[in-house]
Amino acid sequence: MIIKFLYDKGLRSEHANTVACAAIGLSVASWFTSRKVEAQGVDRADRWGIFVATWPATWFGLGQALSQYERTVVSFGR
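Okay, here's the thing in structure tokens:
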């Protein structure tokens, strides 16, 4: 139901996978920036990197679900 809603709103598997890849880069960038800029030390930088690193798995999962839904829509029509 949620996947159909997202598909109807225009989100496609390519979009979700692109966001997932960008989130990987954002994770590395947030870790590096936090490590260099904040005075909190490496522990805080690690927490930022890990927090942002949870996003790609979610987006890749959505991309996979959308891909399966797209195959169903193309195969059977709406």
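The numbering used here puts the first residue of the sequence shown at 2, with every later residue one more than the last. Even for Gly, the Cβ is constructed at its ideal location relative to N, Cα and C.
Three-state class that DSSP yields for residue i in the structure shown
i   : result
K10 : coil
First through last residue of the alpha helix (DSSP H) which encompasses residue i
i   : result
T55 : Unbroken run through T55: none, as it is neither H nor E.
Alpha-carbon to alpha-carbon, residue j and residue i
i    : j   : result
H16  : G64 : 8 Å
L115 : I51 : With the chain covering only 2 through 79, there is no way to say anything about residue 115.
G62  : Q69 : 11 Å
M2   : V38 : 43 Å
K10  : V29 : 30 Å
D47  : C22 : 19 Å
S14  : R45 : 33 Å
V20  : F33 : 20 Å
W56  : T73 : 26 Å
Contacts around residue i, its chain only, beta-carbon distance under 8 Å, and the 5 residues preceding and following it disregarded
i   : result
V43 : R36
E71 : Y8, R13 and S14
Whole-number beta carbon distance between residue j and residue i, since they are thought to touch under 8 Å
i   : j   : result
W49 : S31 : 5 Å
I25 : L67 : Actually they are not in contact, since the Cβ atoms of I25 and L67 sit about 19 Å apart, beyond 8 Å.
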